[in-house]
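Engineer: Below you'll find the structure I mean.
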Amino acid sequence: MQIERVGVVGCGLMGAGIAQVAATAGFETVVRDVSQELLDSGFTRIRQSLAKRVEKGALTADQQAAALTRLRGTTRLEDLAASDIILEAIIEQRDEKLDTYARLDRLCPPATIFASNTSSLSITELMAATGPERRRRFIGMHFFNPVPLMNLVEVIRTVLTDPEVYRQACTFGASLGKTVVRTSDRTGFIVNRLLVPYLLDAVRALEEGVAGIADIDLAMKLGCGYPMGPFQLLDFVGIDTTYYIANIMYEEFREKRFAPPPLLKRMVLAGLYGRKSGRGFYDYADPAKPAPLEY
Ligand SMILES: NC(=O)c1ccc[n+]([C@@H]2O[C@H](COP(=O)([O-])OP(=O)(O)OC[C@H]3O[C@@H](n4cnc5c(N)ncnc54)[C@H](O)[C@@H]3O)[C@@H](O)[C@H]2O)c1
Numbered sequence: 002m003q004i005e006r007v008g009v010v011g012c013g014l015m016g017a018g019i020a021q022v023a024a025t026a027g028f029e030t031v032v033r034d035v036s037q038e039l040l041d042s043g044f045t046r047i048r049q050s051l052a053k054r055v056e057k058g059a060l061t062a063d064q065q066a067a068a069l070t071r072l073r074g075t076t077r078l079e080d081l082a083a084s085d086i087i088l089e090a091i092i093e094q095r096d097e098k099l100d101t102y103a104r105l106d107r108l109c110p111p112a113t114i115f116a117s118n119t120s121s122l123s124i125t126e127l128m129a130a131t132g133p134e135r136r137r138r139f140i141g142m143h144f145f146n147p148v149p150l151m152n153l154v155e156v157i158r159t160v161l162t163d164p165e166v167y168r169q170a171c172t173f174g175a176s177l178g179k180t181v182v183r184t185s186d187r188t189g190f191i192v193n194r195l196l197v198p199y200l201l202d203a204v205r206a207l208e209e210g211v212a213g214i215a216d217i218d219l220a221m222k223l224g225c226g227y228p229m230g231p232f233q234l235l236d237f238v239g240i241d242t243t244y245y246i247a248n249i250m251y252e253e254f255r256e257k258r259f260a261p262p263p264l265l266k267r268m269v270l271a272g273l274y275g276r277k278s279g280r281g282f283y284d285y286a287d288p289a290k291p292a293p294l295e296y
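Numbering follows my numbering, in which position 154 of the sequence shown is assigned residue number 155; successive positions increment by one, without gaps.
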């Protein structure tokens, strides 16, 4: 089967980026979110991102226009039924994802490939929400934020994944312009397995009074050559998303290094999600000049 039509579930940070990249690469793409308002804000981000790519010379104006004609938004899950592959990028909550997969499994023909962009849930567990046929056509495709700029995709297989489907998914990932790394279904895969404990440790260092936010960020940027410090990265990824991921990883491994520090939980309860809510470890009132906060 040739992949031509792409469905994306979720038009948040990741879903909008994935839809943009798929449409730019020439695939007819339908993206679904739960309300028109959320779709509209996702499409605004897509238009801004495409315009920036044109400004930088990474895309021509014709390619930008063609990408937009291949892209359609919907609030109806049924509109994804004609897709050859469905990339799921909804919130990192197990029950919400299980429910979505069970519904999609009933809506889609047997040939449709399901791919989850989950950061920390088990692909096998998500797969188990679908019927026996689909289980062979269920994989993980874990993209990185911002999707149009980050060149990596981790492609994850379960014990039941059909090798031909896995090969197709890897080829599809490459056709989106991404470099593919292959990994099996172990919580956190490669990148988050190593990155999440580091980010959580930065929050613990802050809680323990090692240094302030700006100094820790500067130290890791200049001392390790990282493009961003841990708090800048946490705000970028989303404090809520990181909190969900840490909880899931802790539940899986029961190791302290994966446990979300109390400060992270308090920030989620207070609605301080990072860049997307205007405040996290930094205040983004002036987005060009994020100001570190004190916790
Ligand atoms: N943020 C990151 O850096 C990052 C990186 C890689 C993977 N991920 C993973 O990608 C997924 C999405 O994360 P995000 O950062 O885009 O979150 P987000 O909060 O920005 O977006 C999630 C979107 O999903 C929508 N949604 C919720 N339930 C839905 C449903 N049933 N159908 C359709 N849409 C629904 C929400 O309305 C929201 O717009 C998560 O699984 C996350 O772990 C995130």
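Each residue gets a CB set at the ideal place from its N, CA and C atoms; glycine is no exception.
With distances taken from CA atoms, which of Ala26, Glu29, Val9 is nearest Gly43?
Structural biologist: The residue given as residue 43 occupies position 42 in the sequence shown. It is Val9.
Engineer: Quick check: Asp106 and Thr131, are their CB atoms within less than 7 Å of each other?
Structural biologist: Taking the first residue of the sequence shown as 1, we reach residue 106 at position 105. Taking the first residue of the sequence shown as 1, we reach residue 131 at position 130. Their beta carbons are under 7 Å apart, which means Asp106 touches Thr131 by this criterion.
Engineer: Residues in its own chain within less than 8 Å of Leu220 by CB, not counting five upstream and five downstream?
Structural biologist: By 1-based counting over the sequence shown, the position of residue 220 is 219. Looking at the sequence shown, residue 220 is not Leu but Ala. Ala212, Gly230.
Engineer: To the nearest angstrom, report how far apart Ser176 and Tyr296 are at their CA atoms.
Structural biologist: For this step, residue 176 is matched to residue 175 along the sequence shown. For this step, residue 296 is matched to residue 295 along the sequence shown. Whole-angstrom Cα-Cα distance: 44 Å.
Engineer: Does the Cβ of Met268 lie closer than 6 Å to at least one heavy atom of ligand 1?
Structural biologist: The residue labelled residue 268 in the question sits at position 267 within the sequence shown. Result no, Cβ not under 6 Å from ligand 1.
Engineer: Let's test the definition: count the other Cβ atoms within 10 Å of the Cβ of Glu89 and tell me whether it reaches 16, buried, or not, exposed.
Structural biologist: Sequence index remark: in the sequence shown, residue 89 carries index 88 (1-based). Glu89 should be labelled buried.
Engineer: Would you check whether ligand 1 has a heavy atom nearer than 6 Å to the C-beta of Asp34?
Structural biologist: If you number the sequence shown from 1, residue 34 lands on position 33. Yes, the Cβ of Asp34 comes within 6 Å of a heavy atom of ligand 1.
Engineer: Entirely within the stretch 84-117 and at least 3 residues each: give me those beta strand (DSSP E) ranges in chain order.
Structural biologist: Complete beta strand (DSSP E) runs here, min 3: 86-89, 114-117.
Engineer: Is the closest heavy atom of ligand 1 to the C-beta of Met15 under 6 Å?
Structural biologist: Your numbering for residue 15 matches position 14 in the sequence shown. True, at least one ligand heavy atom lies under 6 Å from that Cβ.
Engineer: Only counting the same chain, and skipping five residues up and downstream in sequence, which positions put a Cβ closer than 7 Å to that of Val1?
Structural biologist: Residue 1 cannot be examined here, being either before or after the span of the chain that is shown, 2 to 296.
Engineer: Should Val238 be listed as close to ligand 3, given that the test is whether its C-beta is under 6 Å from any heavy atom?
Structural biologist: With respect to ligand 3, the structure shown offers nothing to examine, as its ligands consist of ligand 1.
Engineer: Give the C-beta separation of Gly281 and Leu235 to the nearest angstrom, bearing in mind that I take them to be a contact with Cβ-Cβ under 8 Å.
Structural biologist: Here residue 281 corresponds to residue number 280 of the sequence shown, with the count starting at 1. Here residue 235 corresponds to residue number 234 of the sequence shown, with the count starting at 1. Yes, Gly281 and Leu235 are in contact; Cβ-Cβ is about 7 Å, under 8 Å.
Engineer: Given Lys266, which residues of its chain have a CB within under 8 Å of its CB, disregarding the five upstream and five downstream residues?
Structural biologist: To locate residue 266, count along the sequence shown from 1; it is residue 265. If we look at Lys266 and ignore the five residues flanking it on each side, its Cβ neighbours are Tyr244.
Engineer: Whole alpha helix (DSSP H) runs in the stretch 205-229 with 4 or more residues, listed along the chain?
Structural biologist: If we require 4 residues or more, the alpha helix (DSSP H) runs fully inside the stretch 205-229 come out as 214-225.
Engineer: Should Ser123 be listed as close to ligand 1, given that the test is whether its C-beta is under 6 Å from any heavy atom?
Structural biologist: Indexing the sequence shown from 1 puts residue 123 at position 122. The answer is no for Ser123.
Engineer: Using only the alpha-carbon positions, how far apart do Arg183 and Val269 sit?
Structural biologist: Taking the sequence shown and counting its residues from 1, the one referred to as residue 183 is at position 182. Taking the sequence shown and counting its residues from 1, the one referred to as residue 269 is at position 268. Approximately 32 Å, taken between the alpha carbons.
Engineer: Given this structure, state the Cα-to-Cα distance separating Phe232 from Asp63, to the nearest angstrom.
Structural biologist: To locate residue 232, count along the sequence shown from 1; it is residue 231. To locate residue 63, count along the sequence shown from 1; it is residue 62. Distance between the alpha carbons of Phe232 and Asp63 is about 38 Å.
Engineer: Thinking C-alpha only, which one of Val156, Val160, Ser185 is nearest Phe173?
Structural biologist: Locating residue 173 in the sequence shown gives position 172, counting from the first residue. Considering only alpha carbons, the answer is Val156.
Engineer: Run the CB neighbour count on Val7, radius 10 Å, all protein chains shown included, and call it buried at 16 or more, exposed below.
Structural biologist: Here the question's residue 7 lines up with position 6 in the sequence shown. Looking at its Cβ environment, which holds 16 or more other Cβ atoms inside 10 Å, Val7 is buried.
Engineer: Along the chain, where does the alpha helix (DSSP H) that runs through Ile249 open and close?
Structural biologist: Within the sequence shown, numbered from 1, the residue matching residue 249 stands at position 248. Its alpha helix (DSSP H) spans residues 240-254.
Engineer: Answer with buried or exposed for Gly275, where buried requires no fewer than 16 other C-beta atoms within 10 angstroms of its C-beta.
Structural biologist: As a first step, residue 275 must be located in the sequence shown, where it is residue number 274. The residue in question, Gly275, is buried, as its Cβ has 16 or more Cβ neighbours within 10 Å.
Engineer: Starting from Arg33 and walking both ways along the beta strand (DSSP E), at which residues does that stretch end?
Structural biologist: Position 32 of the sequence shown, counting from 1, holds the residue named residue 33. Here the beta strand (DSSP E) through Arg33 covers 29-33.
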